[in-house]
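Protein chains in written order, with this note's numbering: chain E, 7 to 248; chain F, 7 to 248. Structure first, commentary second.
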């Protein structure tokens with residue numbers, strides 16, 4: 007079984023349509039490449055009880071949880087408090103983070119800047135030091151900022167810790183109506199119950215009107231299922247395009 | 007109080023990063039323009055128990071629920087079954103939808119095509135007839151397909167039923183560090199507790215480094231809060247850009 011993950015996107019600006027979220031898309035693609043199965047994405051407001059509720063549920067349900075957003079110094083940055091509450095922890099100032107902030111802001115440092123060193127008491131720092139902060143993690147929850155460039159740089163630094171056996175993928179493109187192949191797909195899944203099988207209609211493509219995706223971590227199993235599908239399709243005179 | 011909404015995006019292809027979701031972004035922008043407050047977006051797999059659980063929770067928590075995806079004729083189209091289960095209803099064939107499908111497929115119609123007329127027994131049809139299907143709704147849940155063009159056309163047809171008092175928005179752009187203004191924002195919210203106030207850092211903009219957003223459905227209240235903010239900023243020699 008693949009390791010599972012959940013992603014919690016925290017930010018009113020996403021829910022009000024002011025900002026397009028780029029982080030969930032980045033993380034699902036990266037995690038898929040690493041062989042991790044993302045099971046859920048939630049986008050929630052900057053509100054402490056909602057953050058702590060979601061983090062608690064996700065932490066129990068999935069192997070890894072990734073949060074994005076809400077880690078700055080202002081009133082709407084409640085992620086650290088929410089995660090602390092989820093694990094019945096207090097927030098306290100982390101000395102190494104405080105030192106990093108004092109170095110960055112130098113003589114101009116004020117108390118509000120140092121608030122970014124306030125993390126759940128059980129937090130650990132992963133990913134070592136680079137130009138900026140390490141990743142803060144609590145239990146199985148990895149905490150990322152909302153700014154895509156910073157999130158991406160931080161994820162790059164720790165991603166190898168999540169790598170496992172890859173997913174293998176086959177795609178089949180057809181010119182047909184989904185109804186025509188529904189019974190074949192149903193039968194294929196009865197024979198290959200562990201196959202991940204998707205069927206997606208396209209209404210505006212000049213060449214194909216269905217894309218089928220077949221996936222498995224077991225390459226041999228996937229090849230057999232793929233061949234079985236092609237045989238079944240050929241029996242009703244449907245042949246893959248592209 | 008604004009009416010609230012939740013959006014449930016159903017589809018393995020989003021969680022595996024194969025497809026970028028366009029529907030949640032479209033819906034949050036449209037709903038915001040209509041004056042509706044979107045409180046949560048969930049992206050979940052094509053699995054019946056997960057769909058029914060999420061729909062039940064959302065239906066209780068929000069005034070309106072919008073689902074996207076999982077309404078075709080194949081094995082991975084489980085939205086109708088999931089929504090029926092959420093309300094302890096059975097799925098049954100809807101005569102008007104069946105008629106529409108028979109007209110569309112004409113002599114080629116097969117049983118798998120007609121599956122798209124199988125909807126929860128308590129479903130009603132909204133939005134009337136156009137070139138294609140009406141929107142199917144059950145209780146406060148509005149069911150949309152995953153194909154963005156079709157979703158958008160269907161939403162256009164019914165959106166006026168959701169319209170209410172609009173949100174008013176002011177934006178303030180600054181060149182400063184968020185830490186510098188954290189206390190001012192905190193104080194502003196103490197004086198204007200109903201203000202929706204966001205603070206967003208930018209690290210790569212040549213002109214500004216913070217965008218503040220102020221929102222309310224009460225335009226006069228918003229104007230007073232906006233002026234109070236500008237006064238406070240001026241007191242520490244910060245002036246809006248742009």
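Beta carbons are placed, not taken as given, at the ideal position from N, Cα and C, and that holds for glycine.
Judging by CA-CA distance, which residue of F:239, F:126, F:40, F:92 is the nearest neighbour of residue 183 (chain F)?
The count along the second chain starts at 1 and reaches residue 183 (chain F) at position 177. The option with the nearest alpha carbon to residue 183 (chain F) is F:239.
Between residue 17 (chain F) and residue 206 (chain F), what straight-line distance do the alpha-carbon atoms span, to the nearest angstrom?
The residue given as residue 17 (chain F) occupies position 11 in the second chain. The residue given as residue 206 (chain F) occupies position 200 in the second chain. Rounded to the nearest angstrom, the two C-alpha atoms are 31 Å apart.
What residues in its chain sit with their C-beta under 6 Å from that of residue 202 (chain E), if we drop five residues either side in the sequence?
The count along the first chain starts at 1 and reaches residue 202 (chain E) at position 196. Counting only Cβ-Cβ distances below 6 Å, and skipping sequence neighbours, we find 221.
Minimum length 4: unbroken alpha helix (DSSP H) runs contained in the segment 130 to 201 of chain F
Qualifying alpha helix (DSSP H) stretches, in chain order: 154 to 164, 184 to 197.
Every unbroken alpha helix (DSSP H) within the segment 20 to 48 of chain E, with a cutoff of 4 residues, ordered by chain
29 to 39
Could you tell me the alpha carbon to alpha carbon distance between residue 106 (chain F) and residue 82 (chain E), rounded to whole angstroms?
Within the second chain, residue 106 (chain F) is the residue found at index 100, counting from 1. Within the first chain, residue 82 (chain E) is the residue found at index 76, counting from 1. Straight-line measurement puts the Cα of residue 82 (chain E) at about 49 Å from the Cα of residue 106 (chain F).
Quick check for students: name the residue ranges of the beta strand (DSSP E) that lie wholly in the segment 206 to 248 of chain F, counting only runs of 3 or more.
216 to 222
Would you report the Cα separation of residue 150 (chain E) and residue 140 (chain E), rounded to the nearest angstrom?
For this step, residue 150 (chain E) is matched to residue 144 along the first chain. For this step, residue 140 (chain E) is matched to residue 134 along the first chain. Distance between the alpha carbons of residue 150 (chain E) and residue 140 (chain E) is about 10 Å.
Taking residue 110 (chain E) as part of the alpha helix (DSSP H), name the residues at either end of that continuous run.
The count along the first chain starts at 1 and reaches residue 110 (chain E) at position 104. Taken as a continuous stretch (DSSP letters only), the alpha helix (DSSP H) holding residue 110 (chain E) covers 101 to 111.
Should residue 159 (chain F) be flagged as near chain E, meaning a C-beta pair shorter than 7 Å?
On the second chain, residue 159 (chain F) is found 153 positions in, with the first residue counted as 1. Using a CB distance cut-off of 7 Å, residue 159 (chain F) does not count as an interface residue toward chain E.
Cβ-based neighbour list, residue 12 (chain F), same chain, cut-off 8 Å, excluding 5 preceding and 5 following:
Within the second chain, the letter at position 6 stands for residue 12 (chain F). Only 44, 45, 46, 47, 48, 64, 67, 68, 70, 71, 72 meet the Cβ criterion.
Please confirm whether residue 132 (chain E) and residue 100 (chain E) have their CB atoms less than 7 Å apart.
Locating residue 132 (chain E) in the first chain gives position 126, counting from the first residue. Locating residue 100 (chain E) in the first chain gives position 94, counting from the first residue. In this structure, residue 100 (chain E) does not lie closer than 7 Å to residue 132 (chain E) by Cβ.
Under 7 Å, Cβ to Cβ, is there at least one residue of chain E near residue 162 (chain F)?
Locating residue 162 (chain F) in the second chain gives position 156, where the first residue counts as 1. For residue 162 (chain F), no Cβ of chain E is located within less than 7 Å of the residue's own Cβ.
beta-carbon residue 43 (chain E) near the ligand NAP non-hydrogen atom, thresh 6 Å
For the structure depicted, the ligand NAP is absent and the ligand set is empty, with no information on it obtainable.
What distance in whole Å lies between the Cβ atoms of residue 228 (chain F) and residue 169 (chain F), which are believed to be in contact at a cut-off of 8 Å?
One-based indexing of the second chain puts residue 169 (chain F) at position 163. One-based indexing of the second chain puts residue 228 (chain F) at position 222. Going by Cβ atoms, the distance from residue 169 (chain F) to residue 228 (chain F) rounds to 20 Å, so no, they are not a contact pair.
8 Å Cβ cut-off: residues of chain F touching residue 195 (chain E)
Position 189 of the first chain, counting from 1, holds the residue named residue 195 (chain E). Residues of chain F passing the Cβ test: 81.
Below 7 Å between beta carbons: does that hold for residue 174 (chain F) and residue 226 (chain F)?
Counting from one through the second chain, the residue named residue 174 (chain F) turns up at place 168. Counting from one through the second chain, the residue named residue 226 (chain F) turns up at place 220. If you check the CB distance, residue 174 (chain F) and residue 226 (chain F) do not come in under 7 Å.
Unbroken beta strand (DSSP E) runs of length 3 or more, entirely within the segment 53 to 80 of chain F: which are they?
70 to 74
Which bits of chain E does residue 71 (chain F) rub up against, with CB to CB less than 9 Å?
As a position in the second chain, residue 71 (chain F) is number 65, starting the count at 1. Result: empty, since nearest Cβ-Cβ is about 14 Å, beyond 9 Å.
Which of the three DSSP states, helix, strand or coil, is assigned to residue 11 (chain E)?
By one-based count along the first chain, residue 11 (chain E) stands at place 5. Correct three-state label for residue 11 (chain E): strand.
DSSP state of residue 116 (chain E), grouped into three classes?
As a working note, residue 116 (chain E) is residue 110 in the first chain. Three-state result, residue 116 (chain E): coil.
Give a yes or no on whether the minimum CB-CB distance between residue 205 (chain F) and chain E is below 7 Å.
As a position in the second chain, residue 205 (chain F) is number 199, starting the count at 1. By this cut-off, residue 205 (chain F) is an interface position.
Going by the CB atoms, is the gap between residue 223 (chain F) and residue 189 (chain F) shorter than 7 Å?
Numbered from 1 along the second chain, position 183 holds the residue referred to as residue 189 (chain F). Numbered from 1 along the second chain, position 217 holds the residue referred to as residue 223 (chain F). Judged by beta-carbon spacing, residue 223 (chain F) lies beyond the 7 Å limit of residue 189 (chain F), meaning their Cβ atoms are not closer than that value.
At least one CB of chain F closer than 7 Å to the CB of residue 19 (chain E): is that the case?
As a working mapping, residue 19 (chain E) is identified with position 13 in the first chain. It does: the Cβ of residue 19 (chain E) has a partner Cβ on chain F nearer than 7 Å.
Segment contact, 8 Å Cβ cut-off, at least three pairs: the segment 110 to 124 of chain F with the segment 78 to 94 of chain F
yes
For residue 15 (chain E) versus residue 74 (chain E), is the C-beta spacing smaller than 7 Å?
Numbered from 1 along the first chain, position 9 holds the residue referred to as residue 15 (chain E). Numbered from 1 along the first chain, position 68 holds the residue referred to as residue 74 (chain E). Closer than 7 Å, so yes.
Nearest-angstrom Cα distance between residue 34 (chain E) and residue 159 (chain E)?
For the purposes of this step, residue 34 (chain E) is taken as residue 28 along the first chain, with counting starting at 1. For the purposes of this step, residue 159 (chain E) is taken as residue 153 along the first chain, with counting starting at 1. The alpha-carbon atoms of residue 34 (chain E) and residue 159 (chain E) are separated by roughly 16 Å.
How would you label residue 217 (chain E), buried or exposed, when you count the other beta carbons within 10 angstroms and need 16 or more for buried?
Locating residue 217 (chain E) in the first chain gives position 211, where the first residue counts as 1. Classification for residue 217 (chain E): buried.
Residue-level contact to chain E via CB, residue 49 (chain F), 7 Å cutoff
Start at 1 with the first residue of the second chain, and residue 49 (chain F) comes out as number 43. Yes, its Cβ sits closer than 7 Å to a Cβ of chain E.
How would you write the range of the alpha helix (DSSP H) that residue 94 (chain F) sits in, first residue to last?
Sequence index remark: in the second chain, residue 94 (chain F) carries index 88 (1-based). Note, residue 94 (chain F): premise wrong, no alpha helix (DSSP H); not H, not E.
Residues that residue 209 (chain F) contacts on chain E, provided the C-beta gap is smaller than 8 Å:
As a working note, residue 209 (chain F) is residue 203 in the second chain. The answer, in chain order, is 153, 155, 156.
Residues of chain E with CB closer than 9 Å to the CB of residue 219 (chain F), please, in chain order.
Translated into the one-based positions of the second chain, residue 219 (chain F) becomes position 213. Result: 18, 19, 22, 24.
Checking 7 Å against the spacing of the C-beta atoms, do residue 181 (chain F) and residue 214 (chain F) come in under that value?
To locate residue 181 (chain F), count along the second chain from 1; it is residue 175. To locate residue 214 (chain F), count along the second chain from 1; it is residue 208. Yes, the Cβ-Cβ distance between residue 181 (chain F) and residue 214 (chain F) is below 7 Å.
Within 9 Å of chain F by C-beta, residues of the segment 33 to 44 of chain E in sequence order
33, 34, 35, 36, 37, 38, 39, 43, 44
State the start and end residues of the unbroken beta strand (DSSP E) segment that holds residue 82 (chain F).
Position 76 of the second chain holds residue 82 (chain F). Where residue 82 (chain F) is concerned, there is no enclosing beta strand (DSSP E), given that its DSSP letter is neither H nor E.
C-alpha gap between residue 9 (chain E) and residue 235 (chain F), whole angstroms
The count along the first chain starts at 1 and reaches residue 9 (chain E) at position 3. The count along the second chain starts at 1 and reaches residue 235 (chain F) at position 229. Taking the Cα positions, residue 9 (chain E) is about 48 Å away from residue 235 (chain F).
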